[in-house]
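> As you go down the protein sequences, you meet chains H and Y in turn. Mapping to this note's numbering: the first sequence position 77 is 529, numbers consecutive. Mapping to this note's numbering: the second sequence position 279 is 731, numbers consecutive.
Protein chains: 2
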Amino acid sequence: MQDHSEPNKLFIGLAGLGTVGSGLVTLLKDNADIIRKRTGRSIILKKVLVHNLNKPRKVELPPDVVLTDNLHDLTDDPTLDAIVEVIGGQDTASQIISKALDAGKDVVTANKALLAENGLPLFAKANEKGCLLRYEASVAGAIPIVQTLKESLAGNRIFSLIGILNGTSNYILSRMTTEKLDFASALKEAQELGFAEADPSLDIDGFDTAHKLCLLIRLAFGVHYNFPDIPVQGIRNLQAIDIQLANELGYHIKLIGQVREVSDTTKTSKLEAGVFPALVPLHFLLARVDGSFNALHITANAAGSLFFHGRGAGDLPTASAVLADLLAVARHESPNNTGYFEPNLPMALTLSPGQAASCYYMRIMVEDYPGVLRDIAGCMACEQINMSHVVQRADANTSNSSYVPLVILTHETTAQAMSAAIERINELKLPKEPIVIFKVLA
Amino acid sequence: MQDHSEPNKLFIGLAGLGTVGSGLVTLLKDNADIIRKRTGRSIILKKVLVHNLNKPRKVELPPDVVLTDNLHDLTDDPTLDAIVEVIGGQDTASQIISKALDAGKDVVTANKALLAENGLPLFAKANEKGCLLRYEASVAGAIPIVQTLKESLAGNRIFSLIGILNGTSNYILSRMTTEKLDFASALKEAQELGFAEADPSLDIDGFDTAHKLCLLIRLAFGVHYNFPDIPVQGIRNLQAIDIQLANELGYHIKLIGQVREVSDTTKTSKLEAGVFPALVPLHFLLARVDGSFNALHITANAAGSLFFHGRGAGDLPTASAVLADLLAVARHESPNNTGYFEPNLPMALTLSPGQAASCYYMRIMVEDYPGVLRDIAGCMACEQINMSHVVQRADANTSNSSYVPLVILTHETTAQAMSAAIERINELKLPKEPIVIFKVLA
Numbered sequence: 453m454q455d456h457s458e459p460n461k462l463f464i465g466l467a468g469l470g471t472v473g474s475g476l477v478t479l480l481k482d483n484a485d486i487i488r489k490r491t492g493r494s495i496i497l498k499k500v501l502v503h504n505l506n507k508p509r510k511v512e513l514p515p516d517v518v519l520t521d522n523l524h525d526l527t528d529d530p531t532l533d534a535i536v537e538v539i540g541g542q543d544t545a546s547q548i549i550s551k552a553l554d555a556g557k558d559v560v561t562a563n564k565a566l567l568a569e570n571g572l573p574l575f576a577k578a579n580e581k582g583c584l585l586r587y588e589a590s591v592a593g594a595i596p597i598v599q600t601l602k603e604s605l606a607g608n609r610i611f612s613l614i615g616i617l618n619g620t621s622n623y624i625l626s627r628m629t630t631e632k633l634d635f636a637s638a639l640k641e642a643q644e645l646g647f648a649e650a651d652p653s654l655d656i657d658g659f660d661t662a663h664k665l666c667l668l669i670r671l672a673f674g675v676h677y678n679f680p681d682i683p684v685q686g687i688r689n690l691q692a693i694d695i696q697l698a699n700e701l702g703y704h705i706k707l708i709g710q711v712r713e714v715s716d717t718t719k720t721s722k723l724e725a726g727v728f729p730a731l732v733p734l735h736f737l738l739a740r741v742d743g744s745f746n747a748l749h750i751t752a753n754a755a756g757s758l759f760f761h762g763r764g765a766g767d768l769p770t771a772s773a774v775l776a777d778l779l780a781v782a783r784h785e786s787p788n789n790t791g792y793f794e795p796n797l798p799m800a801l802t803l804s805p806g807q808a809a810s811c812y813y814m815r816i817m818v819e820d821y822p823g824v825l826r827d828i829a830g831c832m833a834c835e836q837i838n839m840s841h842v843v844q845r846a847d848a849n850t851s852n853s854s855y856v857p858l859v860i861l862t863h864e865t866t867a868q869a870m871s872a873a874i875e876r877i878n879e880l881k882l883p884k885e886p887i888v889i890f891k892v893l894a
Numbered sequence: 453m454q455d456h457s458e459p460n461k462l463f464i465g466l467a468g469l470g471t472v473g474s475g476l477v478t479l480l481k482d483n484a485d486i487i488r489k490r491t492g493r494s495i496i497l498k499k500v501l502v503h504n505l506n507k508p509r510k511v512e513l514p515p516d517v518v519l520t521d522n523l524h525d526l527t528d529d530p531t532l533d534a535i536v537e538v539i540g541g542q543d544t545a546s547q548i549i550s551k552a553l554d555a556g557k558d559v560v561t562a563n564k565a566l567l568a569e570n571g572l573p574l575f576a577k578a579n580e581k582g583c584l585l586r587y588e589a590s591v592a593g594a595i596p597i598v599q600t601l602k603e604s605l606a607g608n609r610i611f612s613l614i615g616i617l618n619g620t621s622n623y624i625l626s627r628m629t630t631e632k633l634d635f636a637s638a639l640k641e642a643q644e645l646g647f648a649e650a651d652p653s654l655d656i657d658g659f660d661t662a663h664k665l666c667l668l669i670r671l672a673f674g675v676h677y678n679f680p681d682i683p684v685q686g687i688r689n690l691q692a693i694d695i696q697l698a699n700e701l702g703y704h705i706k707l708i709g710q711v712r713e714v715s716d717t718t719k720t721s722k723l724e725a726g727v728f729p730a731l732v733p734l735h736f737l738l739a740r741v742d743g744s745f746n747a748l749h750i751t752a753n754a755a756g757s758l759f760f761h762g763r764g765a766g767d768l769p770t771a772s773a774v775l776a777d778l779l780a781v782a783r784h785e786s787p788n789n790t791g792y793f794e795p796n797l798p799m800a801l802t803l804s805p806g807q808a809a810s811c812y813y814m815r816i817m818v819e820d821y822p823g824v825l826r827d828i829a830g831c832m833a834c835e836q837i838n839m840s841h842v843v844q845r846a847d848a849n850t851s852n853s854s855y856v857p858l859v860i861l862t863h864e865t866t867a868q869a870m871s872a873a874i875e876r877i878n879e880l881k882l883p884k885e886p887i888v889i890f891k892v893l894a
């Protein structure tokens, strides 16, 4: 909703000068010629909102840029065509976006948490005002997945979407896999290298992945999935032994965000979504996603199978996505914010988590006596769970040599059946430690 | 340039009812609800242009659709908002697109050959008329690479782009690799399975890849690369022994389309483009592209490294891309046909092929006498070529046991130096057969 007073310039305000904001400042300078070639316009940064006006900056601002710590200086400035929000957090960010839209400004944001948990009123306001509210940078960094789902795959019925959406977790899992580190050491290393924050919980406990998944569900299926309803399991309790055993069986363990369309017992089509560490077969491209990279695998009725791989974080990769959105603003694209025509999207019909079907990996630390497998197999059979693979490893790396890991891979079963089987096995009083299970992608 | 006489309907004409055309008819029916949810409009197929009115159809047309064998029935029909051209070939297709644009209709095409060899006047006409001329389906099938380069990476300086862009060739190479087939058997199998045409030359001789590369160069660098200037080498003469030896050295041979920005000897930035079979290291995701899949790897200054993998051909995957373009038409997107603001794009500054730098694989069939390696190494040294790996295989599968393959991997050198070294080796009168060389990706 720019008034185009200077048709060959787009004036923007930037909220936040952290990693992404600094990356954007760098790109606007370094790629200024490309931006003009692409759009016929220059993107001019006029104002930057920061928390502390006197903090040293990672990046040199152009001489005419005004720094402010008052958000109204951005949102109420009639000379700004668009606002970029990369301040993070929810309260101030929401206020900035809301006021900018009220003032008829287009908005570009990277704020997955805000859009996942409290995005509805912002999309409604953008729709009402006819403004662009773009958020390519909020999911998977430089991978253009928002654009792809909104436009390139818009004529497809999406069946499923699986993503490695958190670079911090994937870095930790990669190091646990290749260097046989335990979780704590890999996390410490990631923190020292700047791949993990001092408080890493949003990343390693899966909530960052869940935020992104929530946005992807909206884009792929045109429904709102209530964020707190997404089952989330992180990688904090992941043990080195499971990474090692999975590897020997031909899998890498990855933190996955998954959504797929399934039929429930009454043949009603529902969405099954979740964030969890899963065993990914080594011949899947998803298993080959190393270090801090992100990736997505999509299955759709026309396009078939699509796989995207790229940098999910970092200053320039994330700023690349912000800049793509700014170029859309500069090209005067019409708003297509949710990717759907109707302004009010319905709530998702969701599968009850217990009904979700999957193959499973199960590790039980047992005393190696004759009949132990018979007893456990009996528990599985009682729940109608078929086993595809059983390995008992006397030589595995455990502190107490009288207990050995028994690993079972199952055919497809339900979460409910697995819980019931675990309960039965626990009643046998065999296991030394809690039974560990993971989903297995197939 | 639709006149929007029926705002909730987009009326289209379809030229061509082969594989892609039939796929589109299927999708328009199967995904009609999704199309309406995405755009608020229905896409109504009104007319189909075919070569032979009486030929049996692969797909059932909706009852009201008019079949015609006269292209003017499509291009001159004022009730059609947009024309889809999937007839293939250049003359008739060019006429259809040109006349449709003249009539102010938006156009969607999958015609890579036409846009690569004779696209300029069509883009100029679309620009003049303010019409959309979209072509997502022309490169890499369902992979949204046109959209990605035009929009998502538009703020990036692209350094390089490497693609596996021809599913037929990749299928043949995959079968030669996994099943140790020779070229003729793999081609025959591909033809029997419908992965290769009766006349496969466009695919296996690399020209289809070169057409697609030409479009990608325009999108990524904003320049026209004269199609006949792209050096093209196909896979027709590829021998099983090289696939096998490459495999043992840790590579898969893939038919590659590549373009990258390089500096010539005077430090001028130029483009180096080519189509050729190359050795791809097994740890590259590109080496993992099997069967008839396509893939692209892009390096850019902000986004970093991006990889895309998906179906490059087939009825529904290609129709998925056509439909994405039709949805853009239905959403009334502004034309952004080349991805650049200026209507006239400059010609590419191109590197002379001899100056192109690469690592190489070289196979020489030699008699195994003392000093043979010394003599050959001498020829390489004379051209300042450093060797990274030398393997002499007495046990390799050759008909004449007194000749063995000597395989050399080089460090980076120029095409010119390699030609000169080959000339020197030939002067030694050692080789039994012509020396074989391939580029090696690094």
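Where is the CB? At the ideal position from N, CA and C, for every residue including glycine. Every value quoted in this text rests on a predicted model; they were computed, and no experiment measured them.
1. Leaving out five residues before and five after Lys722 of chain H in sequence, what residues of the same chain have Cβ atoms less than 7 Å from its Cβ?
2. Starting from Val536 of chain H, follow its DSSP beta bridges and name the residues at the other end.
3. Give the secondary structure of Ala698 of chain Y by DSSP, where H, G and I count as helix, E and B as strand, and everything else as coil.
4. For a cutoff of 8 Å on Cβ pairs, would you count Leu748 of chain Y as touching chain H?
5. Compute the beta-carbon to beta-carbon distance between Thr770 of chain Y and Val472 of chain Y, rounded to the nearest angstrom, for a pair I have assumed lies under 8 Å.
6. Flag Ser604 of chain H as yes if its beta-carbon sits less than 8 Å from any beta-carbon of chain Y, otherwise no.
7. Between Gln599 of chain Y and chain H, is there a C-beta pair that is closer than 8 Å?
8. Return the residue from the list Y:Gly470, Y:Leu479 and Y:Glu458 that minimises the CA-CA distance to Ala755 of chain H.
9. So within the region 692-778 of chain H, which uninterrupted beta strand (DSSP E) runs reach at least 3 residues, ignoring any that extend past its ends?
10. In this structure, what does DSSP give as the bridge partners for Gln844 of chain Y?
11. Would you say Glu724 of chain H and Val711 of chain H are within 8 Å of each other, going by their C-beta atoms?
12. Between the Cα of Ala829 of chain H and those of H:Pro805, H:Arg688, H:Ile860 and H:Gln807, spot the shortest distance and give me the residue it belongs to.
13. Using only the alpha-carbon positions, how far apart do Asp820 of chain H and Asp634 of chain H sit?
14. Here's a check: name, in chain order, each residue in its chain whose Cβ is nearer than 7 Å to the Cβ of Thr866 of chain Y, leaving out the five neighbours to either side.
15. Taking the alpha-carbon of Leu605 of chain Y as reference, which of Y:Ile750, Y:Pro652 and Y:Lys557 has the nearest alpha-carbon?
16. Got a sec? Which residues, its chain only, sit under 6 Å from Pro795 of chain Y by beta carbon, not counting five neighbours each side?
17. Any beta carbon from chain H within less than 8 Å of Asn483 of chain Y's own beta carbon?
18. Quick check: is the beta carbon of Phe659 of chain Y nearer than 8 Å to any beta carbon in chain H?
19. Thinking C-alpha only, which one of H:Ile669, H:Val684 and H:Gly743 is nearest Gly654 of chain H?
20. Kindly say whether His841 of chain H, judged by its beta-carbon, lies nearer than 8 Å to any beta-carbon of chain Y.
21. Can you check which of these residues, Y:Gly709, Y:Phe463, Y:Ile837 and Y:Thr862, is closest to Ala592 of chain Y by C-alpha distance?
22. Anyone know if the C-beta pair for Ala782 of chain Y and Glu835 of chain Y falls short of 8 Å?
23. If you draw a straight line from the C-alpha of Met628 of chain H to the C-alpha of Ala894 of chain Y, how long is it?
24. For the alpha helix (DSSP H) containing Arg490 of chain H, name the first residue and the last one.
25. For Pro883 of chain H, I'd like the list of residues in its chain whose CB is within less than 8 Å of its CB, leaving aside the five on either flank, ordered along the chain.
26. For Tyr792 of chain H, return the contacting residues in chain Y, with the cut-off set at a CB-CB distance below 8 Å.
27. Taking 7 Å as the limit between beta carbons, can you name the residues of its chain near Lys461 of chain Y, skipping five residues before and five after?
28. Are the CB atoms of Ile535 of chain Y and Gly465 of chain Y nearer to each other than 8 Å?
29. Whole angstroms are fine: how far does the CA of Lys489 of chain Y sit from the CA of Ile687 of chain H?
30. Give the interface partners of His784 of chain Y over in chain H, defined as CB-CB distance under 8 Å, in chain order.
31. Count the other CB atoms, across all protein chains shown, that sit within 10 Å of the CB of His735 of chain Y; report buried if there are 16 or more and exposed otherwise.
32. Which term fits Met799 of chain Y, buried or exposed, when burial requires 16 or more other beta carbons within 10 angstroms of its beta carbon?
33. Quick check on this structure: which residue in H:Asp827, H:Met814 and H:Pro857 has the alpha carbon closest to the alpha carbon of Ser840 of chain H?
34. Identify each residue in the region 664-682 of chain Y for which the Cβ-Cβ distance to at least one residue of chain H is less than 7 Å, and report them in chain order.
35. Which chain Y residues sit within Cβ distance under 7 Å of Pro596 of chain H?
36. Looking at the structure shown, is Arg688 of chain Y part of a helix, part of a strand, or coil, going by DSSP?
Short version:
1. The residue labelled residue 722 of chain H in the question sits at position 270 within the first sequence. Correct list, in chain order: Val714, Asp716, Leu801, Thr802 and Leu803.
2. Reading the first sequence from its first residue, position 84 is the one you call residue 536 of chain H. Per DSSP, the beta bridge partners of Val536 of chain H are H:Leu466 and H:Val560.
3. Taking the first residue of the second sequence as position 1, residue 698 of chain Y is located at position 246. Residue state, collapsed to three classes: helix.
4. Within the second sequence, residue 748 of chain Y is the residue found at index 296, counting from 1. It does not; no Cβ of chain H falls within 8 Å.
5. Working through the second sequence from its first residue, we reach residue 770 of chain Y at position 318. Working through the second sequence from its first residue, we reach residue 472 of chain Y at position 20. Between Thr770 of chain Y and Val472 of chain Y a beta carbon distance of about 5 Å is seen, short of the 8 Å cut, so the two are scored as contacting.
6. Locating residue 604 of chain H in the first sequence gives position 152, where the first residue counts as 1. It does: the Cβ of Ser604 of chain H has a partner Cβ on chain Y nearer than 8 Å.
7. Translated into the one-based positions of the second sequence, residue 599 of chain Y becomes position 147. Between Gln599 of chain Y and chain H, the shortest Cβ-Cβ separation is below 8 Å.
8. As a working mapping, residue 755 of chain H is identified with position 303 in the first sequence. For Ala755 of chain H, the nearest C-alpha among the options comes from Y:Leu479.
9. If only uninterrupted beta strand (DSSP E) runs of at least 3 residues are considered, those enclosed by the region 692-778 of chain H are 703-715, 721-733, 745-752 and 756-763.
10. Within the second sequence, numbered from 1, the residue matching residue 844 of chain Y stands at position 392. Y:Leu858.
11. Here residue 724 of chain H is taken as the residue at index 272 of the first sequence, counted from 1. Here residue 711 of chain H is taken as the residue at index 259 of the first sequence, counted from 1. Contact: yes.
12. Residue numbering aside, residue 829 of chain H sits at position 377 when the first sequence is read from its first letter. Taking only the C-alpha atoms, the option nearest Ala829 of chain H is H:Ile860.
13. Position 368 of the first sequence, counted from the first residue, corresponds to residue 820 of chain H. Position 182 of the first sequence, counted from the first residue, corresponds to residue 634 of chain H. The straight-line gap from Cα to Cα measures roughly 26 Å.
14. Start at 1 with the first residue of the second sequence, and residue 866 of chain Y comes out as number 414. Excluding sequence neighbours, Thr866 of chain Y sits near Gly806, Gln807, Ala808 and Ala809.
15. Here residue 605 of chain Y refers to the residue found at position 153 when the second sequence is read from its first residue. Of Y:Ile750, Y:Pro652 and Y:Lys557, the residue nearest in Cα terms is Y:Ile750.
16. Position 343 of the second sequence holds residue 795 of chain Y. Sequence-distant partners of Pro795 of chain Y (beyond 5 residues in either direction) whose C-beta falls short of 6 Å from its own C-beta, in its chain, are Asn579.
17. For the purposes of this step, residue 483 of chain Y is identified with residue 31 of the second sequence, where counting begins at 1. Interface residue, yes.
18. One-based indexing of the second sequence puts residue 659 of chain Y at position 207. Chain H has no Cβ within less than 8 Å of the Cβ of Phe659 of chain Y.
19. The residue given as residue 654 of chain H occupies position 202 in the first sequence. Checking the sequence, you will find Leu at residue 654 of chain H rather than Gly. Residue H:Val684 is the option with its Cα nearest to Leu654 of chain H.
20. Here residue 841 of chain H refers to the residue found at position 389 when the first sequence is read from its first residue. Contact with chain Y is absent for His841 of chain H, since none of that chain's Cβ atoms lies less than 8 Å from the residue's Cβ.
21. Along the second sequence, read from residue 1 onward, the residue named residue 592 of chain Y stands at position 140. The candidate whose alpha carbon is nearest that of Ala592 of chain Y is Y:Gly709.
22. Against the second sequence, residue 782 of chain Y aligns to sequence position 330. Against the second sequence, residue 835 of chain Y aligns to sequence position 383. It is not a contact, given that the beta carbons lie outside the stated cut-off.
23. To locate residue 628 of chain H, count along the first sequence from 1; it is residue 176. To locate residue 894 of chain Y, count along the second sequence from 1; it is residue 442. When rounded, the distance between both Cα atoms is 27 Å.
24. Residue numbering aside, residue 490 of chain H sits at position 38 when the first sequence is read from its first letter. Arg490 of chain H -> alpha helix (DSSP H) spans Ala484 to Thr491.
25. One-based indexing of the first sequence puts residue 883 of chain H at position 431. Excluding residues within five positions, the ones whose Cβ falls inside 8 Å are Ile816, Met817, Val818 and Ile877.
26. Along the first sequence, one-based indexing puts residue 792 of chain H at 340. Neighbours of Tyr792 of chain H on chain Y, chain order: Lys489 and Arg490.
27. As a working mapping, residue 461 of chain Y is identified with position 9 in the second sequence. Cβ within range, chain order: Arg493, Ser494 and Ile496.
28. In the second sequence, the residue the question calls residue 535 of chain Y occupies position 83. In the second sequence, the residue the question calls residue 465 of chain Y occupies position 13. Result yes, Cβ atoms of Ile535 of chain Y and Gly465 of chain Y sit closer than 8 Å.
29. Stepping through the first sequence from its first residue, residue 687 of chain H is reached at position 235. Stepping through the second sequence from its first residue, residue 489 of chain Y is reached at position 37. C-alpha separation (whole angstroms): 37 Å.
30. As a first step, residue 784 of chain Y must be located in the second sequence, where it is residue number 332. Residues of chain H passing the Cβ test: Ser786.
31. If you number the second sequence from 1, residue 735 of chain Y lands on position 283. Flag for His735 of chain Y reads exposed.
32. Working through the second sequence from its first residue, we reach residue 799 of chain Y at position 347. With fewer than 16 other Cβ atoms within 10 Å, it is exposed.
33. Locating residue 840 of chain H in the first sequence gives position 388, counting from the first residue. Proximity to Ser840 of chain H across H:Asp827, H:Met814 and H:Pro857 peaks at H:Met814, based on C-alpha coordinates.
34. The residues in question are Gly674.
35. In the first sequence, residue 596 of chain H corresponds to position 144, counting from 1. Those within 7 Å of Pro596 of chain H in chain Y are Thr600 and Ser604.
36. For this step, residue 688 of chain Y is matched to residue 236 along the second sequence. Three-state result, Arg688 of chain Y: coil.
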